[in-house]
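Engineer: Here our numbering is used: the first residue of the sequence shown is 1038, the next is one more, and so on. Using N, Cα and C, we set each Cβ at its ideal position, and we do this for glycine too. Handing you a structure now.
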Amino acid sequence: MNFLYELKSFFFPKNVLNFNTATPVHPTSRGIPIPTEKMREGSGSISKSAAVCPTKAIRIVSESEVQFDYGKCLQCGLCTEASDGNLRDSGFIYTFALSREELKVTYVSGQMKKVTGLPFPLTENQKRFQELTKKRGFLYREVAAAGNNTVESELNASFNSVFDSEREGVRCVASPKHADAVVFSGPVGERMAGPLETAWDVMSEPKALIACGTEAVSGGLYPMGKLPKEPDLYISGDPPRPDVILQGFRLLMGRFSFQFQEALHKILENEK
């Protein structure tokens, strides 16, 4: 009896993540910085935060307006520590989007300015990729393009019994010739631009390019290198957690309905 119980526990662990009930806010994660009510005093109140941000993700536009590029954000917490209470860590970890522009957020007097025209329309390539992968999943080749290997560690963890990437039909393969997508990490150093482009070129259509990690999205602390094309999915974070990566993959496949700015706006509204 004990043997059967242990066998069932091995194949069906109780702590398997349910992607359908998971939330974008994690209680023990720092997440992205967001304004507090003190920000109504003016954007100049976070000038220290903008100065200490290592990736210059915060841009003060005017006395009342400030822009956050969460595609550059490392979620390091330095800005909140220097903000004198004008910013706080949100715990919001779902920093991924199908459009780079959606990761750029403007706050006016501490209030989020909603972008008109959301959701951004899918590109033709994104539509074709969804048609291919929504039911069967996809295979990807990972390219470490001059990163620090933290993204690779999280991708490895995505295959464990908790996150179970293969449950979604998502697997890493040894050759881009066998892949439907290229997942790359790092800012694409000069010597890795060629190998990344080669990996992309040998794949058959339809195919997707996925930027995984802040460095891949924006360069992070480094200049952004040359890409074969604009990515079809951007997953920010340094590095993003395995569940965040997989939810991003599910978004690209059309299995997950999510819009970064809409979700962030709801969180901010619920706190009022």
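To the nearest angstrom, report how far apart residue 1299 and residue 1287 are at their CA atoms.
Structural biologist: Numbered from 1 along the sequence shown, position 262 holds the residue referred to as residue 1299. Numbered from 1 along the sequence shown, position 250 holds the residue referred to as residue 1287. Distance from the CA atom of residue 1299 to the CA atom of residue 1287, rounded to whole angstroms, is 17 Å.
Engineer: Restricting to Cα atoms, I'd like to know which of 1230, 1283, 1252 and 1280 is closest to residue 1263.
Structural biologist: To locate residue 1263, count along the sequence shown from 1; it is residue 226. When each option's Cα is compared against that of residue 1263, the closest is 1230.
Engineer: Only counting runs of 3 or more residues, tell me where the beta strand (DSSP E) segments fall wholly within the region 1081 to 1138, in order along the chain.
Structural biologist: The region 1081 to 1138 contains these whole beta strand (DSSP E) runs: 1095 to 1097, 1102 to 1106 and 1124 to 1126.
Engineer: By Cβ distance, which residues of its chain are closer than 8 Å to residue 1056, with the 5 residues on each side in sequence left out?
Structural biologist: Here residue 1056 is taken as the residue at index 19 of the sequence shown, counted from 1. So the list reads 1205, 1280, 1283, 1284, 1287 and 1293, once near-sequence residues are dropped.
Engineer: By the 10 Å Cβ neighbour count, where 16 or more other Cβ atoms means buried, how is residue 1099 classified, buried or exposed?
Structural biologist: Here residue 1099 is taken as the residue at index 62 of the sequence shown, counted from 1. That one is exposed.
Engineer: Which one of 1165, 1259 and 1247 has the shortest CA to CA distance from residue 1133?
Structural biologist: If you number the sequence shown from 1, residue 1133 lands on position 96. When only C-alpha atoms are compared, the closest one is 1247.
Engineer: Could you round the C-beta distance between residue 1184 and residue 1223 to whole angstroms and report it? I think they count as a contact, below 8 Å.
Structural biologist: Within the sequence shown, residue 1184 is the residue found at index 147, counting from 1. Within the sequence shown, residue 1223 is the residue found at index 186, counting from 1. The Cβ separation is near 3 Å, so the contact holds.
Engineer: State the Cα-Cα distance for the pair residue 1135 and residue 1085, rounded to the nearest angstrom.
Structural biologist: By one-based count along the sequence shown, residue 1135 stands at place 98. By one-based count along the sequence shown, residue 1085 stands at place 48. Distance between residue 1135 and residue 1085, taken at the CA atoms: about 31 Å.
Engineer: Measuring alpha carbon to alpha carbon, tell me which residue in 1175, 1254 and 1215 is nearest residue 1291.
Structural biologist: For the purposes of this step, residue 1291 is identified with residue 254 of the sequence shown, where counting begins at 1. Closest option to residue 1291, Cα to Cα, is 1175.
Engineer: Is residue 1202 near the ligand PLP, going by C-beta to nearest heavy atom under 6 Å?
Structural biologist: This structure lacks the ligand PLP, and indeed carries no ligand of any kind.
Engineer: Within the same chain, show all residues whose beta-carbon is closer than 7 Å to that of residue 1199, passing over the 5 residues directly before and after it, in chain order.
Structural biologist: Locating residue 1199 in the sequence shown gives position 162, counting from the first residue. Its chain contains 1052, 1053 and 1054 as the residues whose beta carbon lies nearer than 7 Å to that of residue 1199, once the 5 sequence neighbours on both sides are disregarded; these appear in chain order.
Engineer: From residue 1076 to residue 1125, what does the alpha carbon distance come to, in whole angstroms?
Structural biologist: If you number the sequence shown from 1, residue 1076 lands on position 39. If you number the sequence shown from 1, residue 1125 lands on position 88. Spanning the two alpha carbons is a distance of roughly 11 Å.
Engineer: Going by DSSP, what residue range makes up the beta strand (DSSP E) through residue 1296?
Structural biologist: Numbered from its first residue, the sequence shown carries residue 1296 at position 259. Element bounds for residue 1296: n/a, residue is neither H nor E.
Engineer: Rounded to the nearest angstrom, what separates residue 1226 and residue 1082 at their Cα positions?
Structural biologist: As a first step, residue 1226 must be located in the sequence shown, where it is residue number 189. As a first step, residue 1082 must be located in the sequence shown, where it is residue number 45. C-alpha separation (whole angstroms): 36 Å.
Engineer: In whole angstroms, give me the CA-to-CA distance for residue 1178 and residue 1102.
Structural biologist: On the sequence shown, position 141 is the one that residue 1178 refers to. On the sequence shown, position 65 is the one that residue 1102 refers to. Computed Cα separation, rounded: 41 Å.
Engineer: Should residue 1064 be labelled buried (16 or more other beta-carbon atoms within 10 Å of its own) or exposed?
Structural biologist: The residue labelled residue 1064 in the question sits at position 27 within the sequence shown. Counting of Cβ neighbours within 10 angstroms places residue 1064 among the exposed residues, the total staying below 16.
Engineer: Counting only runs that start and end within the region 1196 to 1252, where is the beta strand (DSSP E) found for 3 or more residues in a row?
Structural biologist: 1207 to 1209, 1218 to 1222 and 1245 to 1249
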